[in-house]
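Enquirer: Residue numbers (our numbering): -10 to 500.
Every residue, glycine too, gets a C-beta built ideally from N, C-alpha and C.
Computed from a predicted model, the values in this text were never measured in an experiment.
The structure that follows is given in the form of structure tokens.
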Amino acid sequence: MDPLHALTLGDVLREHARGRPRTLAAVDGDTRLPYAGLDARVNRLAAAFAAEGVNAGERVLWLGQNSFRLLESLLAAAKLGALFCPANWRQRPEELAFVVDDLDPRVVIWQEEEVGEASRAVRARTGRRARWVQHDGDDGYEGWVASQPAVDPDRPVDPASPLLVIYTAAFEGKPNGAMLSHTACISQGLVYGHYTGTTADDVYLNSGPLFHLGTLMHTFATFVAGGTNVFVRRVDAELLCRIIAAERCTGAFLVGPTVEQVLDARAAGGHDLSSLRSAPGRPAWDAVTSPDTSAWACRPGGYGQTEVMGMITYSCLGLDGTGTHGRSSPLARVAVFDDDDRELPPGEVGELVMRGPTVMLGYWNRPEENARRQRGGWHHTRDLGRREADGSITFIGPKTRMIKSAAENIYPAEVERCVATHPAVAECAVIGVPDDTWVQSVKAVVVLADGATVGADELIDHCRASMAPYKKPRTVEFVDALPRAGFLVDYDALDARFGGGNYPGGRTRST
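In structure tokens:
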């Protein structure tokens, strides 16, 4: 470690505590912590953690909803060189028990309200060494923290070491904890903050789940900039309105249905939401907020995944481009590889691979998977994409679904995207069906737009004009609706109905 050039997330807090001691760092109900006060609490909590054996490389697990205590727990872990994991509290007890057993934390901070029953069930199942501390009761957390001295641990911590662990989607039967470094958290905060225009004057309402980088990216951007993070335990539209009005929040994590609920609650209560900067939307929303006309607000989004600290391409960088997912972050390299890990030229579809300071260090306790995913010094995303001729990036879909036609690999997501560009098509799903000559042939299952008509031959010709002939559908089936497994298309059901099978690797299904 090079201490002269090192900067950890704990160092960012230390500097804010010195440089802006009275600036509000965190607000949560009646709790209002300036940066100096947050730093003092973090020092006390770090001492409490250390007394439980939380040293460099040890783990702390948060099993609760949004709270300022989640932020201070993360920062206390940062000052000790430990790892911090905010678990998805919405999971079933058996799923949470897997995380506890897999991570093997020294400390579990848990919540009684809404999560208490699951927390107790997990504790009974795991039998691990962890100290369990309830953060929302009269006893426990606050007394535990107050009993310790507010002395900075001042331990040497490598900024390249892991800090944040986020469990991501399961593959091969189990979820995996992506380890993200101090440098990744700070770098993403700077980049994301730049594109969203986040400054020390901003007040961000953490109303989305803090076990998800969709919220945490803006949390880090606000923290790194020296702004104010406001926490709300969970989404309640009327409460959000009151908080936005009282704290003059400039940003918030709000999804579509929540926006509608907030509009209704605002109309009923007359709350002033004018401080909230928001991308232009429906007139009723624009009338009560402050529309943001920046490049980011006009074209938010991009490509990303947990393993790369959230977003790594930004649509606001691709306003002049043809790619659907913008251009890469200035702190990342993005390439498109074939199955032999050779870079493909623009226009060719392959696996998106990445490297840079925001890419994960690997999955916790998964050496074999890490070797596969990080071979050649690149993070292999298992997602398909294409670099366009102008350098912008198009995301195609997951690589795990593949059709084999003779020696050619065909990715259903690419064909689906092409079929869906026809104006008569509302939805499309593509499966592979056994073919005596070609191993598999491509079948498109199509839902037409209301009132639209189109024939199978026209759709096939539409694809032939846009992609290599071997990729186009050979047959088309029309259905009223695609079967769903939750929110996702149920490809197993489509295979069963339309004779899908013969997939590479001996699989009989396309998922």
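(1) Considering Ser62, what are the terminal residues of the alpha helix (DSSP H) in which it resides?
(2) Roughly how far, in whole angstroms, is the beta-carbon of Pro346 from the beta-carbon of Ala214, given that I think they are within contact range, below 8 Å?
(3) Got a sec? Which residues, its chain only, sit under 6 Å from Val342 by beta carbon, not counting five neighbours each side?
(4) Just the Cα atoms here: how many angstroms apart are Leu350 and Met298?
(5) Measure from the alpha carbon of Trp78 to the alpha carbon of each residue in Ser108, Val431, Gly374, then state which is nearest.
(6) Just reading off the alpha helix (DSSP H) that Ser108 is part of, what are its end residues?
(7) Between which two residues does the beta strand (DSSP E) carrying Ala14 extend?
(8) Per DSSP, which one or two residues make a beta bridge with Ser394?
(9) Which ranges would you report for the alpha helix (DSSP H) in the segment 431 to 473 if only whole runs of at least 4 residues count?
(10) Counting only runs of 3+ residues fully inside the segment 114 to 191, write out the beta strand (DSSP E) ranges in chain order.
(11) Hey, would you say Pro462 sits closer than 8 Å to Lys393, going by beta carbons?
(12) Report the rounded CA-to-CA distance for Ile301 versus Ala29, giving the unit in angstroms.
(13) Nearest to Leu228 by alpha carbon, out of Thr211, Asn218, Leu60, Thr247?
(14) So the alpha helix (DSSP H) Asn32 belongs to, where does it begin and stop?
(15) Within 10 Å of its beta-carbon, does Thr208 have 16 or more other beta-carbons around it, so buried, or fewer, so exposed?
(16) When the Cβ atoms of the segment 479 to 494 are set against those of the segment 422 to 433, are three or more pairs found closer than 8 Å?
(17) If contacts are defined as beta-carbon pairs under 8 Å, then Ser170 and Pro142 qualify, I think. What distance do you get, rounded to the angstrom?
(18) Please report the residue range of the alpha helix (DSSP H) in which Pro82 lies.
(19) Whose C-beta lies closer than 7 Å to the C-beta of Pro(-8) among residues of the same chain, with five residues either side of it excluded?
(20) Is the beta carbon of Val219 sitting closer than 8 Å to the one on Leu194?
(21) Under 6 Å Cβ to Cβ from Leu243, same chain only, skipping five residues before and after it: list those, please.
(22) Could you please give the first and the last residue of the uninterrupted beta strand (DSSP E) stretch that includes Glu337?
(23) What are the uninterrupted segments assigned as alpha helix (DSSP H) that are 4 or more residues long and contained completely in the segment 219 to 274, given in chain order?
(24) In the DSSP assignment, what residue or residues form a beta bridge with Trp78?
(25) Counting C-beta neighbours from all protein chains within 10 Å, is the total for Pro75 16 or more, i.e. buried, or is it exposed?
(26) From the DSSP secondary-structure annotation, give me the bridge partner or partners of Gln294.
Expert: With the structure as the only source:
(1) By 1-based counting over the sequence shown, the position of residue 62 is 73. Its alpha helix (DSSP H) spans residues 57 to 69.
(2) If you number the sequence shown from 1, residue 346 lands on position 357. If you number the sequence shown from 1, residue 214 lands on position 225. About 18 Å separates the two Cβ atoms, so there is no contact after all.
(3) Your numbering for residue 342 matches position 353 in the sequence shown. Cβ neighbours of Val342 beyond the five flanking positions: Ala324, Phe326, Trp367, His369.
(4) Within the sequence shown, the letter at position 361 stands for residue 350. Within the sequence shown, the letter at position 309 stands for residue 298. Distance between the alpha carbons of Leu350 and Met298: 11 Å.
(5) Position 89 of the sequence shown, counted from the start, is the residue given in the question as residue 78. The shortest C-alpha separation from Trp78 is found at Ser108.
(6) For the purposes of this step, residue 108 is identified with residue 119 of the sequence shown, where counting begins at 1. Taken as a continuous stretch (DSSP letters only), the alpha helix (DSSP H) holding Ser108 covers 105 to 115.
(7) To locate residue 14, count along the sequence shown from 1; it is residue 25. It spans 13 to 17 - the beta strand (DSSP E) in which Ala14 sits, taken as one unbroken run.
(8) Within the sequence shown, the letter at position 405 stands for residue 394. The partner list for Ser394 (beta bridge, DSSP) reads Glu397, Val428.
(9) 445 to 453
(10) 120 to 123, 151 to 160, 163 to 170
(11) Reading the sequence shown from its first residue, position 473 is the one you call residue 462. Reading the sequence shown from its first residue, position 404 is the one you call residue 393. Not closer than 8 Å, so no.
(12) Residue numbering aside, residue 301 sits at position 312 when the sequence shown is read from its first letter. Residue numbering aside, residue 29 sits at position 40 when the sequence shown is read from its first letter. Going from the Cα of Ile301 to the Cα of Ala29 covers about 34 Å.
(13) Taking the sequence shown and counting its residues from 1, the one referred to as residue 228 is at position 239. When Thr211, Asn218, Leu60, Thr247 are compared, the shortest CA-CA separation from Leu228 is found for Thr247.
(14) Translated into positions along the sequence shown, residue 32 becomes position 43. Element bounds for Asn32: 24 to 40.
(15) In the sequence shown, counting from the first residue as 1, residue 208 sits at position 219. Residue environment: Thr208 is assigned as buried (16 or more neighbouring CB atoms within 10 Å of its CB, all protein chains considered).
(16) Three or more beta-carbon pairs separated by less than 8 Å link the segment 479 to 494 to the segment 422 to 433, which places the two stretches in contact.
(17) Here residue 170 refers to the residue found at position 181 when the sequence shown is read from its first residue. Here residue 142 refers to the residue found at position 153 when the sequence shown is read from its first residue. Contact flag wrong, Cβ pair sits at about 19 Å.
(18) One-based indexing of the sequence shown puts residue 82 at position 93. 82 to 92 is the extent of the alpha helix (DSSP H) around Pro82.
(19) Position 3 of the sequence shown, counted from the first residue, corresponds to residue -8. Closer than 7 Å at Cβ, skipping near neighbours: Pro145.
(20) Here the question's residue 219 lines up with position 230 in the sequence shown. Here the question's residue 194 lines up with position 205 in the sequence shown. Going by C-beta atoms, Val219 is nearer than 8 Å to Leu194.
(21) Locating residue 243 in the sequence shown gives position 254, counting from the first residue. Closer than 6 Å at the Cβ level, and outside the excluded window around Leu243, lies no residue.
(22) For this step, residue 337 is matched to residue 348 along the sequence shown. Unbroken run through Glu337: none, as it is neither H nor E.
(23) 226 to 236, 245 to 258
(24) Working through the sequence shown from its first residue, we reach residue 78 at position 89. Beta-bridge pairing links Trp78 to no other residue.
(25) Here residue 75 refers to the residue found at position 86 of the sequence shown. Pro75 should be labelled buried.
(26) Residue mapping note: residue 294 aligns to position 305 of the sequence shown, counting from 1. Looking at the DSSP assignment, Gln294 forms a beta bridge with Gly299.
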